[in-house]
Amino acid sequence: MRGDFCIQHLFFFSGHGHTRDNGNKGYLVPVDAPNPNRDEKGFVRKAFAMVDVLALARRIESRHALFLFDSCFSGTVFKQKALPRQKTAITRSMAGKVRQFITAGAAGEEVPARSTFTPAFVDAIAEGKADLYPDGYVTGTELGFYLQSEVPRYVRQSPQFGKIRDYELSRGDFVFVSGTKRGDGAAHTDPPVAEAFALEIAFWNSIKESNDPDEYRIFLKEFPGGAFAELAEARMKKIEVGWAEPRSAVPLPSSTPQPGGTFRDCLKDGSPSPKMVAIPAGEFLMGSKEDEEGRDDDEGPQRRVSVARFALGATEVTFEEYDRFAKATGRRLPDAGGRGRGNRPVSNVSWNDATAYAEWLSGQTGKKYRLPTEAEWEYAARAGTTTRYHWGDGEELACRYANGYDASGKEKYDLDWASLACDDGYPNTAPVGSFSPNGFGLYDMSGNVYEWTCSRYQAPYDGSEQRCVAKGVDSRRVVRGGSWLNEPRFLRSASRDRNFSDEANYFVGFRIARAF
38 MRGDFCIQHL FFFSGHGHTR DNGNKGYLVP VDAPNPNRDE KGFVRKAFAM
88 VDVLALARRI ESRHALFLFD SCFSGTVFKQ KALPRQKTAI TRSMAGKVRQ
138 FITAGAAGEE VPARSTFTPA FVDAIAEGKA DLYPDGYVTG TELGFYLQSE
188 VPRYVRQSPQ FGKIRDYELS RGDFVFVSGT KRGDGAAHTD PPVAEAFALE
238 IAFWNSIKES NDPDEYRIFL KEFPGGAFAE LAEARMKKIE VGWAEPRSAV
288 PLPSSTPQPG GTFRDCLKDG SPSPKMVAIP AGEFLMGSKE DEEGRDDDEG
338 PQRRVSVARF ALGATEVTFE EYDRFAKATG RRLPDAGGRG RGNRPVSNVS
388 WNDATAYAEW LSGQTGKKYR LPTEAEWEYA ARAGTTTRYH WGDGEELACR
438 YANGYDASGK EKYDLDWASL ACDDGYPNTA PVGSFSPNGF GLYDMSGNVY
488 EWTCSRYQAP YDGSEQRCVA KGVDSRRVVR GGSWLNEPRF LRSASRDRNF
538 SDEANYFVGF RIARAF
């Protein structure tokens, strides 16, 4: 089942399914497998365990892999295929990779005798009130945002919502069919299709006014048979032959830019590049106010900065991603210091190492990868906000969004500085994507590890923050975002620090940027 990352794979199975160990272990049953109620050992030898299916799924090097099981769905349209009184585990295995939670209020809040949360929940689905992106479906995320804003209007409750802190189990979203869509008499699209279409619309809206043909090529690569494919192809050809409208005809971006779609490029062997997020062009207020709590003197002068459209890694580059580059080029493997490798953010890499990785990735994909400028980094971290942190001015929600020095870190290291008044469960680095993203869909922009930028450190700001410094220039480079080791004030969006280009630390890593 190995294949090129840039194509798709479909797996279809029609037959029996079976579960063992109180429904914890699921199997696909071939025609020659014995009845498990009579010959359990023989059954296990012949049947195909779902854990093996999942292992194969993780090994497939393709953009999309769809597994269809026409078997053992008790109570559905599949008839006469279930073994008597055997509950299938296949349904559970096929569920979307997401675990979401929504509560009526925060800790310590009193729940009223007459619920407001429940009828608000019913109306959110039945009347489509939570369909914030009006497509006929209500996602778990939309539902959470709706309840969080609606319920406090009537009672003193603050609904909380989020996903489990597990990267692989937080990438999807629960989907309801809106009550308004159920009654419109139209044919209904399956939720996975609706989710894909929503991504297509988001991507299209982010590029539809562009005069860059490469942006339309990326769109066509992502959605070759999509609803906007013909428009994208026509627009691309029109630009390439010089028929594009002048830039002055392009509407100015809104004051709060919206994020674009996500994408991956292909390496030469067909495997994926790190996941990227298209960041819209816009303008923001860079730096911090003179009276901002926790401010350092090098965070000014505060002023408005314009940023062109670019792409930024959804997460920090992981050890797994960096190690692949290091082995391919003979570069030193960075020491993880016992904090784990794999899906944790790479650390102990210098600015020179990070730049070399970006250059290697550019050669592998044919695209222009680099480190972000300091201005690009802060613009992406803020995601339209002007508060101390991208989630607000306070630290109450820090452990939902950032891996900083908290109760776990204090218990393990007992360092002599302030800690967060919460516990995220990670005394040092966490797997990337373990916390909630910011408004642009970027993970770990605060905490986990500091991130190299391509800009020279200069205080006060003098324009260097908007440029990449050349290799070999003897100056310090800016690092941003704070780390698992840092007290809360270093997790602020405006906080900055610096290192020499050949310096590597166990709390500094990076994420990549890409030009369009």
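Counting from 1 along the sequence shown, just add 37 to a position and that's the residue number in our numbering.
Don't be surprised by glycine CBs; every beta carbon is placed ideally from N, CA and C.
Straight-line spacing of the CA atoms in ALA365 and ASP89 works out to 29 Å.
Distance between PRO382 and ARG341, taken at the CA atoms: about 31 Å. In the DSSP annotation of this structure, the continuous segment of the beta strand (DSSP E) that includes ARG340 starts and ends at 340-344. By the neighbour-count criterion, in which 16 or more other beta carbons inside 10 Å mark a residue as buried, GLY319 falls on the buried side. In this structure, the alpha-carbon of LEU180 lies about 24 Å from that of ASP430. Per DSSP, the continuous alpha helix (DSSP H) segment holding GLU252 begins and ends at 250-259. Looking at the DSSP output, CYS505 shares a beta bridge with no other residue. Bridge pairing for CYS491: absent [DSSP]. In this structure the segment 328-338 lies against the segment 526-536, because at least three pairs of beta carbons, one per stretch, are closer than 8 Å. Note that the C-beta distance between ASN536 and TRP388 is below 8 Å. Rounded to whole angstroms, the separation of the alpha carbons of SER520 and LYS449 is 16 Å.
In this structure, the beta-carbon distance from TRP414 to THR466 does not fall below 8 Å.
Restricting attention to beta strand (DSSP E) runs no shorter than 3 residues, the segment 324-395 encloses them at 340-344, 347-350, ordered along the chain. Residues ILE316, GLY319, PHE321, MET323, VAL342, VAL344 of the same chain have their beta carbon placed closer than 8 Å to that of TYR416, with the five preceding and five following residues left out of the count. Per DSSP, VAL510 lies in no beta strand (DSSP E) segment and is marked neither H nor E. For LEU434, same chain residues with a beta-carbon under 7 Å away, outside a window of 5 residues either side, are TRP428 in chain order. Between GLY484 and the set ARG272, VAL545, TRP397, the nearest pair of CA atoms involves VAL545. Counted as a single uninterrupted DSSP element, the alpha helix (DSSP H) harbouring ARG437 occupies residues 435-438. DSSP links ILE316 through a beta bridge to PHE347.
Taking C-alpha positions only, VAL516 is separated from GLU524 by approximately 16 Å. Non-local beta-carbon contacts of VAL469 in its own chain, meaning distances under 8 Å to residues more than five positions away in sequence, involve TYR204, THR352, GLU353, THR355, ASN380, ARG381, PRO382, TYR480, ASP481, ASN485 in chain order. Taking C-beta separations shorter than 6 Å and ignoring five residues to either side along the sequence, the partners of PHE80 in its chain run ALA70, PRO71, PRO73, following chain order. Taking all protein chains shown into account, ARG254 has fewer than 16 neighbouring C-beta atoms within 10 Å of its C-beta and is therefore exposed.
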